[in-house]
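> Sharing a structure below in C-alpha cells format, with a few things to ask.
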Amino acid sequence: MRIGFFVWEYPPALVGGLGTYAEYITREFVALGNDVTVFTLNPGNLKTREIIKGVEVHRPLIADAS
0 MRIGFFVWEY
10 PPALVGGLGT
20 YAEYITREFV
30 ALGNDVTVFT
40 LNPGNLKTRE
50 IIKGVEVHRP
60 LIADAS
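Residue 57 in numbering that gives the first Met the number 0 sits at position 58 of the sequence shown; the count goes up by one each step and never skips.
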C-alpha cells in the first residue's frame with residue numbers, strides 16, 4: 000500500500016510530539032511493507048528530498064512573501 004503523511008514537522012526538525020509520533024508511525028508502516036511518503040516543512044537548511052530509514056521525505060522550499 001502507498002501511504003502519504005502531511006505533517007507540520009518531521010525529524011530532524013522537531014518542535015514537539017507530532018514529529019516524534021510521525022517518525023515512529025511511518026517507520027512501522029515501512030516495516031509492514033508499505034511505501035511511505037512524508038510531506039513536511041523545510042526551515043531552509045534541509046534537503047528538499049531524501050529517504051530516511053525507508054521513508055521518502057519531501058521538504059519543499061517555500062517562498063517568503065512577507
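Yeah, the Cβ is synthetic: ideal placement off N, Cα and C, and Gly gets one too.
1. Taking 6 angstroms as the limit between beta carbons, can you name the residues of its chain near T39, skipping five residues before and five after?
2. Are A12 and V37 touching if we call contact CB-CB under 8 angstroms?
3. Quick one, are the C-beta atoms of V54 and T19 less than 8 angstroms apart?
4. Between A64 and N41, what straight-line distance do the alpha-carbon atoms span, to the nearest angstrom?
5. Considering only residues of the segment 11-38, which uninterrupted alpha helix (DSSP H) runs meet the minimum length of 4 residues and lie entirely inside it, listed in chain order?
6. Any idea what DSSP makes of V54, helix, strand or coil?
In short, the structure shows the following:
1. Cβ within range, chain order: V6, Y9, R58.
2. Contact flag unset, no.
3. The answer is no: Cβ separation not under 8 angstroms.
4. Their Cα atoms are separated by approximately 15 angstroms.
5. Runs of alpha helix (DSSP H) with 4 or more residues, each lying fully within the segment 11-38, are found at 16-30, listed in chain order.
6. The DSSP-derived three-state label of V54 is strand.
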